[in-house]
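J.:
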Amino acid sequence: MAKIKVTKVKSAINRTLRQKRTLEALGLKKIGQVKEFEATPNILGMVAKVSHLVSVEETK
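Structure below.
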């Protein structure tokens, strides 16, 4: 399965609690922090909900 690299690029201040919890569940706490995930439907859905706060790259 493909992997994706998710980087937090914007702050969660003044965002909804749901968006803050989604970032927390992805393990992204600080701006510039990078995590790598398998591209499962669950992860892709979470990333889509906070797409304005993160950047996504596909990796092998």
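Under our numbering, the first residue of the sequence shown is numbered 2, with each subsequent residue one higher. Idealized CB from N, CA, C, for every residue including glycine.
(1) Any idea what DSSP makes of residue 44, helix, strand or coil?
(2) Taking only three categories from DSSP, how would you classify residue 17?
(3) Please determine, among 13, 33, 19, 45, the residue with the shortest C-alpha to C-alpha distance to residue 59.
(4) Quick one: measure Cβ to Cβ for residue 20 and residue 51, integer angstroms, because I've assumed they're closer than 8 Å.
(5) Can you grab the Cα-Cα spacing for the pair residue 42 / residue 32, in whole Å?
T.: On the basis of the coordinates in this document:
(1) Against the sequence shown, residue 44 aligns to sequence position 43. In the structure shown, residue 44 sits in a helix (DSSP, three-state: H, G or I).
(2) Start at 1 with the first residue of the sequence shown, and residue 17 comes out as number 16. Secondary structure at residue 17: coil, using DSSP grouped into helix, strand and coil.
(3) As a working note, residue 59 is residue 58 in the sequence shown. The candidate whose alpha carbon is nearest that of residue 59 is 45.
(4) In the sequence shown, residue 20 corresponds to position 19, counting from 1. In the sequence shown, residue 51 corresponds to position 50, counting from 1. At roughly 5 Å, the Cβ-Cβ gap stays under 8 Å, so residue 20 and residue 51 are in contact.
(5) By one-based count along the sequence shown, residue 42 stands at place 41. By one-based count along the sequence shown, residue 32 stands at place 31. Cα to Cα, residue 42 sits roughly 24 Å from residue 32.
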